[in-house]
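In what follows, a structure is listed as structure tokens, so that the remarks can point back to it.
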Amino acid sequence: MTMREMRPGIYSVGSQDWDRRLFDELIPLPDGTSYNAYLVIGEKTALIDTVDPTKEHELVATLKSLNVKVDYVISHHAEQDHSGSIPAVLSLYPDALVVTNERCRSMLEDLLHISPERFLVVSEGESISLGGKTLTFFMWPWVHWPETMVTYLAEDRILFSCDLFGSHIATSDLFVTDEPRVYESAKRYYAEIMMPFRLKVRVHLTKTKALSPDLIAPSHGPIHANPKFIIDAYQDWVADDVKNEVILAFVSMHGSTRAMVDYLIGALMKRGITVKPFNLTQTDIGELAMNLVDAATVLIATPTVLAGPHPAAVYAAYLANALRPKVKYLSVIGSYGWGGKTLEILKGMVPNLKVELLEPVIIKGHPREADFTLLDNLADEIERKHRELGLL
Ligand code: FEO
Numbered sequence: 106m107t108m109r110e111m112r113p114g115i116y117s118v119g120s121q122d123w124d125r126r127l128f129d130e131l132i133p134l135p136d137g138t139s140y141n142a143y144l145v146i147g148e149k150t151a152l153i154d155t156v157d158p159t160k161e162h163e164l165v166a167t168l169k170s171l172n173v174k175v176d177y178v179i180s181h182h183a184e185q186d187h188s189g190s191i192p193a194v195l196s197l198y199p200d201a202l203v204v205t206n207e208r209c210r211s212m213l214e215d216l217l218h219i220s221p222e223r224f225l226v227v228s229e230g231e232s233i234s235l236g237g238k239t240l241t242f243f244m245w246p247w248v249h250w251p252e253t254m255v256t257y258l259a260e261d262r263i264l265f266s267c268d269l270f271g272s273h274i275a276t277s278d279l280f281v282t283d284e285p286r287v288y289e290s291a292k293r294y295y296a297e298i299m300m301p302f303r304l305k306v307r308v309h310l311t312k313t314k315a316l317s318p319d320l321i322a323p324s325h326g327p328i329h330a331n332p333k334f335i336i337d338a339y340q341d342w343v344a345d346d347v348k349n350e351v352i353l354a355f356v357s358m359h360g361s362t363r364a365m366v367d368y369l370i371g372a373l374m375k376r377g378i379t380v381k382p383f384n385l386t387q388t389d390i391g392e393l394a395m396n397l398v399d400a401a402t403v404l405i406a407t408p409t410v411l412a413g414p415h416p417a418a419v420y421a422a423y424l425a426n427a428l429r430p431k432v433k434y435l436s437v438i439g440s441y442g443w444g445g446k447t448l449e450i451l452k453g454m455v456p457n458l459k460v461e462l463l464e465p466v467i468i469k470g471h472p473r474e475a476d477f478t479l480l481d482n483l484a485d486e487i488e489r490k491h492r493e494l495g496l497l
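Position 20, counted from 1, in the sequence shown is what our numbering calls 125; the numbers after and before it change by one each time, with no gaps.
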């Protein structure tokens, strides 16, 4: 790892994880990730977050190489990618205190068995002066977990934003230089981590704008020296507006559902609707999640297997329900051989989605002309709905 100065007396001391390809045993990481930690040095010294336990040796080596004594370890979030090396830092500095909120303190005690006397609990708006550098803490829950908080360094106008505004990228860039690349990664990150809490994130976004930070330093990915870039992107993602897009998540076993999918793609294209098909046997779920951010309509296409939807379709429905995208319309298409409850099962799996269910097209066997007409009707209905929203 490399220690780099962001501003006078403020250093990035986190780690890049170039090789990691899965996060939380759930989220694909095509570009690796970073665990950002920051050192703020005044008369006293604060370490803002630590690193994943797999990189603990790097952080410890960096801290040992410096002629500083850490007085405070600010813990924004109890998740182990940021908190996991706190015990090692506390061992290195026996007088250091972990500064966090009450809820995070409780979680850190549970997860890392940190002793109660090592904590300094802060609440909304409280500050700590390091001497020439003042850290103010704001409780911003659900920028992943319920205990999350952020820190604002007023003298340098830096918002240390926890997971908010992050991106899973391992990069040698300290600051964002390649905005299109970071946009893609930040959107994927937003979809996976922030989208379930969109309305809360919207409130935090308003607070961020009020602070008007000069730098936004998130817990993952490069630092935003142009905060407007990421603030504008988030503004778009958290807004209620949707785009003229249909996400078509599909799986087919013997080609019948696939024939329906292919026909429907063409029917939607003819009507001027952007359609994004995702073959669930191949797709990266992060890619699917990212595309759920803006779409007006989601379609699930599945055969019936063992009397219900294909497990890949079940996973997609579960994922969409958990991520709570702002999608407006939903439908199901697919083929069955002799019966089953595919539609009922899928409908029951998405209670979180505030959607209107458009007429499903569940057919027997390989599609016939009459079935293609039903798909045309569905495409017509999607077109009508998108027009009503002013998307066409
Ligand atoms: Fe980066 Fe929610 O931890």
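Don't be surprised by glycine CBs; every beta carbon is placed ideally from N, CA and C.
Source: prediction; values computed, not measured.
DSSP places Q121 within a strand segment (E or B) once states are collapsed to three. Judged by their CB atoms, P414 and I468 are not nearer to each other than the 8 Å cut-off.
In this structure, W245 has its beta carbon at no less than 7 Å from each heavy atom of the ligand FEO. Around the ligand FEO, the residues whose beta-carbon falls short of 7 Å from at least one of its heavy atoms are H182, E184, D186, H187, H249, W250, D268, G271, I298, S324 and H325, given in chain order. Here S436 carries a strand assignment [DSSP, helix/strand/coil]. Taking the Cβ atoms as the reference, L462 lies roughly 7 Å from S436, within the contact range of under 8 Å. Separation of N457 and N426 (C-alpha to C-alpha, rounded to the nearest whole angstrom) is 5 Å. Look at I378 here: in three-state DSSP terms it is coil, with no helix or strand label. For E350, there is no enclosing alpha helix (DSSP H); the enclosing beta strand (DSSP E) has its first and last residue at K348 to F355. The criterion of a C-beta distance shorter than 8 Å is not satisfied by A322 and N206.
In this structure, DSSP gives A400 an extended state, which the three-state scheme calls strand. Here Y423 is exposed. Its C-beta has fewer than 16 other C-beta atoms within 10 Å.
Exclusion of the five residues before and after K305 leaves W247 as the residues of its chain whose Cβ lies within less than 6 Å of its Cβ. With a beta-carbon spacing of about 5 Å, G439 and T407 fall inside the 8 Å limit used to define contacts.
In this structure, DSSP gives K149 a state outside helix and strand, which the three-state scheme calls coil. The C-beta of T107 has fewer than 16 other C-beta atoms within 10 Å across all chains shown, which makes the residue exposed. Residue H182 holds the alpha-carbon nearest to the alpha-carbon of C209 among L373, H182 and G189.
For Y294, the uninterrupted alpha helix (DSSP H) segment begins and ends at E284 to Y294. Here V178 carries a strand assignment [DSSP, helix/strand/coil]. Annotated as proximal: I298 and H249, with beta-carbon spacing under 8 Å.
About 6 Å separates the beta carbons of I378 and N349, which is inside the 8 Å limit, making them a contact pair.
F270 places its beta carbon less than 8 Å from that of I335. Counting the other Cβ atoms within 10 Å of the Cβ of R109 gives fewer than 16, which makes it exposed. When secondary structure is reduced to three states using DSSP, V466 falls in the strand class.
Exposed is the label assigned to L127, since fewer than 16 other Cβ atoms lie within 10 Å of its Cβ. Between V255 and F265 a beta carbon distance of about 6 Å is seen, short of the 8 Å cut, so the two are scored as contacting.
Per the Cβ contact rule, the segment 161-181 is not in contact with the segment 307-316 (fewer than 3 Cβ pairs under 8 Å). Taking C-beta separations shorter than 6 Å and ignoring five residues to either side along the sequence, the partners of Q121 in its chain run S139 and A275, following chain order. Nearest C-alpha to R223 among T241, P199 and K238: P199. Between the beta-carbon of D154 and that of S324 there is about 6 Å, and that keeps the pair under the 8 Å contact cut. Excluding residues up to 5 positions away in sequence, T150 and Y198 lie with their Cβ nearer than 7 Å to the Cβ of K174 in the same chain.
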